[in-house]
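Working notes, structure below.
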Amino acid sequence: MFLRHSAKLYLFFQLITQAAAYRQPFEYINAIESFANAFTNPSSVINNSIPSPLSDDVVGRIDITTTFVGQELNTEYLFGLFVESASENTTQLIGTPVPLFSTQSLVIEPPVVAVSLVNTLWYPTINSSFPLQIDLFIAFDDDMKIVSYDAILRRWSEFFNYVVPLLSPRIAQELNVTLDEQSNLTATEVAQSLGLLNDTVNGTALPQGTNGTDATNSTLNTAELIRLKTAVDVCQMSTQYCTGENQVYDSNDACMEFITQLPFGQPWAGGMDNGWCRYVHKNMVKYRPDVHCPHIGPTGGDMCISRDYVQITESVPFNNTLLAFNASFNALDVKNVPLKNQMELVRAETEVVYTTTVAFYSVSCVLYMLLLYVSAKAVEFLFRHFSLSYSDMSFSNQRNTVTYVLATFFTTVAFILQLISSPILNTHSYTFTQVALLKVAALIISGFYIFELTYRVSMRWPLMTHHFCTIFAIVLLLSVLSYTRHPALMGAGTIWLFQATTEQSVFVGLLMYRMGFSYNMTKNVLYFAAVQSFTCKFAFAAYLLAFWAQHLVQFHTSSDDVALSVMLVILTVLLMCTQIYGAWAVWGLAAKVDRSMRKSSIMGAVPTRSASDDAVSFSQSTLFLNTHTKV
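Per the working numbering, the sequence shown starts with residue 10, numbered consecutively.
Shown next, in the form of structure tokens:
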């Protein structure tokens, strides 16, 4: 029996845990920002100073290179490439990302994100930087790690052909060769000459003396210079790291001869059998020579090879689909489901749930109502076992007394949350945390009111009016906020909610009255509570109207906003009436206690409370005297 119930509880909490794991769009925004920050500061990932944004089985494809499988390989190409490029003291064809990026477009359809980022590549030897736009389709796993990505370096060919002529004079100086200024090619000519479609491995050789280590005094045009630069950098890495079993060239001269005769390739062909591909891969050689040396060798390994256009275009290498509309479905789940019905499932799964969505179901609300019920039962249990006064009360007063305790606790929690989120009143200082805490405070108050309506045995019409008006006000503001998007509504809601979260003194006074505390102390607390609650309610009501006039009346260009203002005034007046009556009721109760004390003092007797005393019908926001109170 115990094991069976334990298993049920385990399954229940598993479901709750999984439900809590559902990710919100803002979490994907945070993940994208984390990835972009890591990309612009690649050493932090390489040095393990921050967790890798990639999953263990990540598969990534970059349009100008090829597909990379696994976290280690992707880390080397996404981050290691730029770390090594930045560490070189010579001019590199690949710049260094600047720790600054901007987002030009962003679409989130969990767990897939489409984003276009603009970053700047820095070339320190010429003291210049150039913007590069990167388009990404990214799929995240449950831990917000990248499990699949498809990257497009937008206008990379234009970028490369624009930058190369600017780098050429500095490269020529470093290689101690002469750049033919008259034949220095334009960007278009560079594109045509670096990697013509009819180039072969045995393409046109560089001028005599430039295919070895000594290229001094040679005169080269831009295209020839870049091919020489590629050979020098690639062969330097090969000579330094590709030794022993990893050796791919017989000598440095053999490497230079091969690379200088190899076509450089088009900028978009960084995954083909050319010099450009080997230049890209040279930066990874030091990490794992056994893996990367073949990539810069004569064969190109499994990276720098000839590829079929149709095959690479039609292949889908990813572990997780990047189709946003069905990314949540497992292939086995829909294996035998007709396409028409699959699309119906897609419609159901992709429905955006707003606060007004029909059949809206919030797990947090259900759990909160359960918490209120359990809390009430716990307070009842404690009172029954530790309070004689509670046992002498009528059933109705027992329920009322329990609500005093619950109201004191839950309104205090809501009040603290409101204080933390109060910078919202500035109307310019919004953070996600503040907005979320304000929504939690609204849930606490409205949920408690609904619970009290069902938990109490009876409730007078002024109290019910107050409860319904407050609940309606919360629902109204949240609903209007969801479609008008006026941030100032959150400030108005904060002020309105303070009217319901500043009555703890009233609850404490009523609890003292019911539980038999000192009459003198009870009287003083009730007098204070009447004045304090009325002052707070009146002040916040005035503040609400002033705030509305200053920040929201300006939107009275639509009938919806005008209607909201009218309803606000009506609700404020109704609530103020109930709150004035509530403060008067508390003051009346304090006066009743005072009269009882004086009468008892004159008669020389100890004041007592009748078991049938039904003096107060209490709520979180208003308190009402029952007319048949006995003294």
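Glycine included, every Cβ here is placed at the ideal spot set by N, Cα and C.
Annotation for Val383: no beta strand (DSSP E) segment contains it, though the alpha helix (DSSP H) segment containing it runs 372–395. For Val107, same chain residues with a beta-carbon under 8 Å away, outside a window of 5 residues either side, are Thr49, Asn128, Thr129, Leu130, Trp131, Ser138 in chain order. DSSP places Leu63 inside the beta strand (DSSP E), whose first and last residues are 63–71.
In the DSSP assignment, Asn128 falls within the beta strand (DSSP E) that extends over 121–132. Counting along the chain, no alpha helix (DSSP H) covers Ile155; the unbroken beta strand (DSSP E) around it starts and ends at 155–163. Look at the stretch 449–525 and you find these whole runs of alpha helix (DSSP H), each 4 residues long or longer: 470–493, 497–507, 513–524.
Counting along the chain, Gln142 sits inside the beta strand (DSSP E) bounded by residues 137–149. Of all alpha-carbon atoms in Thr421, Cys302, Ile433, the one lying nearest the alpha-carbon of Ile454 is that of Thr421.
Beta-bridge pairing by DSSP links Val78 to Val68. Inter-residue distance for Ala450 and Phe457 is about 11 Å (C-alpha atoms, whole angstroms). Per DSSP, Pro303 is one residue of the alpha helix (DSSP H) stretching across 298–305.
Cβ contact annotation for Phe327 (same chain, cutoff 6 Å, sequence separation greater than five): Val68, Ser157, in chain order. Taking 8 Å as the upper bound for CB-CB distance, Tyr258 and Val294 are not in contact here, some 12 Å apart. Spanning the alpha carbons of Phe392 and Trp557 requires a straight line of approximately 44 Å.
Gln113 sits in a strand when the DSSP states are folded into three classes. In this structure, Cys286 sits away from Cys244, with a CB-CB distance that is not shorter than 8 Å. Asp189 and Leu229 have their C-alpha atoms roughly 6 Å apart. Residue burial annotation: Thr566 is exposed, with fewer than 16 other C-beta atoms found within 10 angstroms of its C-beta.
Exclusion of the five residues before and after His304 leaves His290, Gly310, Met312, Cys313 as the residues of its chain whose Cβ lies within less than 6 Å of its Cβ.
Across the structure, Val602 and Asn435 are spaced so that their CA atoms are roughly 43 Å apart. Under the three-state reduction of DSSP output, Glu97 falls in the coil class, being neither helix nor strand.
Phe460 sits close to Met378, with the two beta carbons spaced by under 8 Å. In the DSSP assignment, Ile433 falls outside any alpha helix (DSSP H), carrying neither H nor E. Annotated as distal: Gln407 and Tyr413, with beta-carbon spacing of 8 Å or more.
A straight line joining the alpha-carbon of Leu126 with that of Asp159 spans about 13 Å. Around the beta-carbon of Ser94, 16 or more other beta-carbon atoms lie within 10 Å, marking it buried. For Leu234, the enclosing alpha helix (DSSP H) has its first and last residue at 231–250.
Taking 8 Å as the cut-off, the beta carbon of His476 is found closer than this to the beta carbon of Leu462. Residues Phe110, Leu126 of the same chain have their beta carbon placed closer than 7 Å to that of Ala45, with the five preceding and five following residues left out of the count. Under the DSSP assignment, Ser52 falls in the alpha helix (DSSP H) whose first and last residues are 52–55. Membership of Gln270 in the alpha helix (DSSP H) is indicated by the continuous run 261–270.
With contacts defined by Cβ atoms closer than 8 Å, Phe149 and Ile155 form a contacting pair. Here Ala572 is exposed. Its C-beta has fewer than 16 other C-beta atoms within 10 Å. When secondary structure is reduced to three states using DSSP, Thr412 falls in the helix class.
Sixteen is the threshold: since fewer than 16 other Cβ atoms of the shown chains lie within 10 Å of the Cβ of Ala551, the residue is exposed. Per DSSP, reduced to three states, the secondary structure at Leu428 is helical.
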